[in-house]
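Chains as they are written, first to last, in the numbering used here: chain A, 65 to 202; chain B, 2 to 242. These notes are about the structure you will find just below.
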Amino acid sequence: AARPLKRRQLNKTTQVQPSNKHLRISDGHGARGRDVCRRHELYVSFRDLGWLDSVIAPKGYSAYYCAGECNYPFTSCMNSTNHATMQALVHLMKPDVVPKVCCVPTELSAISVLYYDSSNNVILRRERNMVVQACGCH
Amino acid sequence: VRHGPRPPYVFPQRRLGVHERRNMQREILAVLGLPEPPRPRVPPAASRQPASAPLFMLDLYHAMANDDDSGSLHSHLGRSDLVMSFVNMVERDRTLDYQEPHWKEFLFDLTQIPAGEAVTAAEFRIYKEPSTHPLNTTLHVSMFEVVQEHSNRGSDLFFLDLQTLRSGDEGWLVLDITAASDRWLLNHNKDLGLRLYVETEDGHSMDPGLAGLLGQQAPQSRQPFLVTFFRASPSPVRAPR
């Protein structure tokens with residue numbers, strides 16, 4: 065049986081410090097209120113990571129992140145599953161026992177980076193699962 | 002000391018120090034599979050012209066970034082997670098003042114090859130200009146790996162590829178050297194030696210330079226280079242720093 069959980073403060077969300085300039089973030093509604101689970105902009109800049117000298121392309125990339133509420137009933141755009149619906153219902157009945165459904169990436173894609181290594185060789189790397197294409201409640 | 006269920010761990014809400022942020026940036030680069038920021042590179046004036054390897058790799062980058070695995074540009078691209086071009090090489094020739102056969106040899110520094118990656122394909126790319134002597138004849142270009150050199154006799158060679166072309170042809174000649182990759186993965190601290198021979202239709206050895214094959218004296222945009230395609234092994238769980 066799930067151990068009862070202390071009720072978390074629902075509005076308090078962990079945010080990356082906006083002052084981190086290499087991660088430019090726009091979260092649309094900010095912490096203002098109940099924002100439905102969706103994709104938010106998160107741009108990762110190689111210049112600000114101190115890597116621009118070696119990178120031929122790209123200069124940075126949009127990584128995005130998922131944030132927002134996953135409250136029952138789910139709309140179609142929340143990409144949820146039968147299990148998520150069941151968990152959300154049980155959470156309504158036993159909020160102390162079963163946690164809320166999470167807003168997470170449901171589709172990810174790769175990025176490619178072209179750079180010089182320390183011996184001036186040119187390297188092309190494909191890194192998988194780096195860009196959020198879609199979010200959902202799971 | 003708390004009793005009862007422990008709340009889920011919440012990342013402490015405080016401003017990170019400069020050192021901590023620097024560590025975070027390194028961690029981000031590591032997640033991206035990129036090494037630590039190498040020393041800022043100020044390319045020497047000569048290399049500021051577009052060089053052959055970066056030009057070729059930029060085309061691959063656009064194909065990979067656009068998920069163009071149609072093989073139009075390169076058949077191995079779709080199955081590759083990493084493509085490395087190697088440009089650091091030493092060239093040795095045995096041409097006119099020795100008896101036949103003539104050859105041109107390229108020694109490549111492969112120390113940057115990462116461990117844990119499987120080679121799916123490897124190519125040696127060399128530019129050929131039109132050759133006038135002999136005029137309009139068939140040339141056979143063969144490539145060998147220099148497995149072991151001996152002071153008192155010829156080197157041990159391992160055949161890699163053979164291409165047939167016309168003396169008047171021009172463009173990039175691509176020789177498949179995938180078969181050599183087994184050895185270099187075992188010991189990539191040792192330079193990879195590739196030896197190029199050219200023979201005419203009647204079997205006479207010919208100086209590769211006379212056949213129009215450009216070595217290191219070629220302009221930047223036509224320098225020979227090596228390209229290797231790797232398939233990442235199932236991604237090991239990356240331990241954070």
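Using N, Cα and C, we set each Cβ at its ideal position, and we do this for glycine too. Everything numeric in this text was worked out from a predicted model, so none of it was measured.
Check: Short check: CB of glutamate 133 of chain A to CB of aspartate 99 of chain A, under 8 Å?; Outcome: yes
Check: Determine whether the Cβ of glutamine 151 of chain A lies closer than 8 Å to any Cβ atom of chain B.; Outcome: no
Check: How many whole angstroms separate the CB atoms of glutamate 171 of chain B and lysine 105 of chain B, which I take to be in contact at a CB cut-off of 8 Å?; Outcome: About 18 Å; that fails the 8 Å criterion.
Check: How many Å lie between arginine 16 of chain B and valine 165 of chain A at the Cα?; Outcome: 29 Å
Check: Run the CB neighbour count on glycine 117 of chain B, radius 10 Å, all protein chains shown included, and call it buried at 16 or more, exposed below.; Outcome: exposed
Check: Quick one: Cα of valine 19 of chain B to Cα of cysteine 167 of chain A, how far?; Outcome: 31 Å
Check: On the CB-based measure, 16 or more other CB atoms within 10 Å of its CB, does alanine 131 of chain A come out buried or exposed?; Outcome: buried
Check: Let me check one thing: in DSSP terms, what residues is arginine 93 of chain B bridge-paired to?; Outcome: B/Glu106
Check: Buried or exposed for leucine 156 of chain A, please, with buried defined as at least 16 other CB atoms from any protein chain shown within 10 angstroms of its CB.; Outcome: exposed
Check: Roughly how many angstroms lie between the CA atoms of threonine 165 of chain B and serine 173 of chain A, to the nearest whole one?; Outcome: 41 Å
Check: Please classify tryptophan 115 of chain A: is it buried, with 16 or more other beta-carbons within 10 angstroms of its beta-carbon, or exposed?; Outcome: buried
Check: Short of 7 Å in beta carbon distance, which residues of its chain neighbour tyrosine 198 of chain B, apart from the five on each side in sequence? Order them along the chain.; Outcome: Pro102, Trp104, Ser143 and Ser206
Check: Taking 8 Å as the CB-CB limit, is serine 126 of chain A close to chain B?; Outcome: no
Check: Along chain B, in chain order, which residues have C-beta atoms closer than 8 Å to that of tyrosine 179 of chain A?; Outcome: Leu35
Check: By alpha-carbon positions, which one of B/Leu174, B/Arg80 and B/Asn67 ends up nearest to proline 209 of chain B?; Outcome: B/Leu174
Check: Suppose only complete runs of 3+ residues qualify. What are the beta strand (DSSP E) ranges in the region 163-209 of chain B, listed by chain order?; Outcome: 172-177 and 193-201
Check: Identify every residue that forms a DSSP beta bridge with proline 169 of chain A.; Outcome: A/Cys199
Check: Only counting the same chain, and skipping five residues up and downstream in sequence, which positions put a Cβ closer than 7 Å to that of isoleucine 53 of chain A?; Outcome: There is no way to answer for residue 53 of chain A, as the model of chain A reaches only from 65 to 202.
Check: Enumerate in chain order the residues of its own chain whose CB-to-CB distance from glycine 169 of chain B is below 6 Å, with the five nearest sequence positions on each side excluded.; Outcome: Pro131 and Asn137
Check: Excluding the 5 residues flanking glutamate 171 of chain A on each side, which residues of the same chain have their C-beta closer than 8 Å to its C-beta?; Outcome: Val196, Gln197 and Ala198
Check: Give a yes or no on whether 8 Å exceeds the smallest Cβ distance from asparagine 89 of chain B to chain A.; Outcome: yes
Check: With arginine 232 of chain B and serine 86 of chain B assumed to form a contact (beta carbons below 8 Å), what rounded beta-carbon distance in angstroms separates them?; Outcome: Actually they are not in contact, since the Cβ atoms of arginine 232 of chain B and serine 86 of chain B sit about 17 Å apart, beyond 8 Å.
Check: What are the boundary residues of the beta strand (DSSP E) that glutamate 28 of chain B is part of?; Outcome: Segment 19-32 is the alpha helix (DSSP H) holding glutamate 28 of chain B; no beta strand (DSSP E) there.
Check: Nearest CA to the CA of tyrosine 129 of chain A: which residue from A/Leu113, A/His104 and A/Gly200?; Outcome: A/His104
Check: In its own chain, which residues sit with a C-beta less than 7 Å from the C-beta of aspartate 181 of chain A, not counting the 5 before and 5 after it?; Outcome: Ile187
Check: Got a sec: does the ligand FAD put a non-hydrogen atom nearer than 7 Å to the Cβ of arginine 126 of chain B?; Outcome: Absence of the ligand FAD is noted for the structure shown, with no ligands found whatsoever.
Check: Closest to valine 119 of chain A by CA distance: which of B/Gly34, B/Ser76 and B/Asn67 is it?; Outcome: B/Gly34
Check: What do you reckon, are the CB atoms on glutamate 124 of chain B and aspartate 157 of chain B nearer than 8 Å?; Outcome: no
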